[in-house]
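Okay, so the sequence shown: first residue is 121 according to our numbering, each after it adds one.
Cβ atoms here follow ideal geometry from the backbone N, Cα and C, with glycine treated the same way.
These notes are about the structure you will find just below.
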Amino acid sequence: PFGKASPPKRDSRGGYGRMLREEWGASAAPVAEWSFDEKWRLLDSVLGLEVFEMNVTRLPPLLPLFREYEKGRKYFVKNARMSDYDRSCDGYYEDSLSNAGNFDKKQYEDLEYLQKMVFTNKTGELTVPICKPQSYGVGALGCCVPGNRNRRDACLCSYDDGKKDIVEFLMNHKTLQPQQQFGRSLNLAYDVVAQKMEEMYGQVLPMLGYKEKPGSRAYERITRLKNAGYMPPGGFIMWHTNRYDNTQASYRMYMYAVDVDGGSSFKYLSPEGELVEVPDFHGAVRLFSNTHVDAETGEETYLWHTVAAPHAHRLSIGFEILPEQMVALVDSCDGCWADLERQYNALSSGERFTGTLDPFMTT
């Protein structure tokens, strides 16, 4: 299926069939010389099972965007800890820190539905907005500060039980607002980082073969940021699937700027329910799909994932990305197709990719 990843089936050994060249009858040519269809089949097979990472320094089309983006580290607030401003979310935070993978999926499904469907009034149930008018506009502190909500559960975290005052913090750092929906995190004001990143991503896409014109609906949707967050230590994004968030594709490209490599991480559940932790590093570019389609039955499943930053200040931005642009991006990277083939072949032996800080984990 175009726009959603299709994972291959495990064999009786716990792997995923024969080695790549045997399975596809591929020639001895390096993967970098394969056709688009062959490259896409390889990339989509990996993304149906796990993430694929590259260092931005190996990606010339993205490097100028990242160099501009990493300037956002000047907004890191020294000694800030999100747990100083809120304790109501500690249980969710512990779920994100845990590597057990035994969180209550029904609870998180309900929370995601509430935030993404009910609170955006896609269900038509709301009679009163969840946020008061003073939540929005220049200089506003957002919906999540005490006094700005029309209902207590408008935000996952209440920010009214910490040992420090979130309002005082935000008044001293006016480029920041609490992230509303999914965690204990912050957003940078749109005109501080996000607007520039969307413009620059729009400049990158034609280098990767994107044909839609600026101003078209498709262009506006593909260049719109899916996330632009700042997470001080003690921050997290709860377990979720993004099942309600796709506009043109389920594929994502995220980039990260951190002050401590390995001090934060992205975690997800594989199609078999294995918890996989991928540590963040400064300059990481991560490709993944939030929706998987069974090639035989057509049944859709969604990628459960979470983020926790116990020891790092973390900036992240993410965009939707289409198959043609993903293949072109990997084409721009010297050696990345060989890395991807190695990752696929490791899966054939039952190994799991866990990031560049700890390349493979045997399952």
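DSSP places A466 in the uninterrupted alpha helix (DSSP H) bounded by 456-468.
Distances from the CA of F302 to each of E340, G329, H360, E288 were compared; the closest alpha carbon is that of H360.
Assigned with DSSP and collapsed to three states, A369 falls in coil, not helix or strand.
The alpha carbon of Q235 has as its nearest neighbour, out of D224, N222, P249, Y310, the alpha carbon of P249. Excluding five sequence positions before and after E416, none of the CB atoms of its chain fall closer than 7 Å to its own CB.
For E471, the secondary structure class from DSSP, reduced to helix, strand or coil, is strand. For secondary structure counted as the alpha helix (DSSP H) over 4 or more consecutive residues, the region 296-381 holds these complete runs in sequence order: 314-327, 337-343. Ranked by Cα distance from L306, the first of Y339, S203, E229, D459 is S203. Separation of the CB atoms of G383 and H425 is rounded to 18 Å, and the pair is thereby denied contact status at 8 Å.
DSSP, reduced to helix, strand and coil, places K252 outside both helices and strands of the structure shown, so it counts as coil. In the DSSP assignment, K284 falls outside any beta strand (DSSP E), carrying neither H nor E. DSSP places S409 in the strand class (E or B) of the three-state scheme.
Scanning the region 147-180 for uninterrupted beta strand (DSSP E) segments of 3 residues or longer gives 172-175, listed from N- to C-terminal end.
With a contact defined as Cβ atoms closer than 8 Å, S452 and P180 qualify at about 6 Å. In the DSSP assignment, A448 falls within the alpha helix (DSSP H) that extends over 443-451. Residue environment analysis places A448 among the buried positions, since at least 16 neighbouring C-beta atoms fall within 10 angstroms of its C-beta. The C-alpha of A274 is placed about 20 Å away from the C-alpha of D224. Bounds of the beta strand (DSSP E) holding R434 are 434-440. The shortest CA-to-CA distance from R434 to any of L407, Y422, P353 is the one to P353. The secondary-structure analysis by DSSP pairs V238 with nothing; it has no beta-bridge partner. By the C-beta density criterion, D459 is buried, having at least 16 other C-beta atoms within 10 angstroms.
Of the residues assessed, K387 falls on the buried side of the cut-off, its CB having 16 or more other CB atoms within 10 angstroms. Taking a contact as a CB-CB distance under 8 Å, the pair R178 and D454 counts as one, their CB atoms being some 6 Å apart. Around the Cβ of F239, a 10 Å sphere holds 16 or more other Cβ atoms; the residue is buried. The beta carbon of D365 is closer than 8 Å to those of K236, K346, N410 in its chain, skipping five residues each way along the sequence. In the three-state scheme derived from DSSP, where H, G and I count as helix and E and B as strand, L290 is classed as helix. If you ignore the 5 residues before and after Q368, its C-beta comes within less than 8 Å of the C-beta of G123, A338, R341, I342, E440, L442, all in its own chain and listed in chain order. If the five residues before and after N175 are omitted, its C-beta is found closer than 6 Å to the C-beta atoms of G403, all from its own chain and listed in chain order.
For Y195, the secondary structure class from DSSP, reduced to helix, strand or coil, is helix. A distance below 7 Å separates the beta carbons of V171 and R406. Between R269 and C251 a beta carbon distance of about 6 Å is seen, short of the 8 Å cut, so the two are scored as contacting.
Its chain contains A260, N268 as the residues whose beta carbon lies nearer than 8 Å to that of Q254, once the 5 sequence neighbours on both sides are disregarded; these appear in chain order. Going by DSSP, L185 is part of the alpha helix (DSSP H) stretching over 183-189. Distance from the CA atom of E214 to the CA atom of R344, rounded to whole angstroms, is 31 Å. Around M351, the same chain offers S305, A429, R434 as residues with beta carbons nearer than 6 Å, after the five sequence neighbours per side are excluded.
Contact annotation: the region 317-325 does not touch the region 289-300, with fewer than three C-beta pairs closer than 8 Å.
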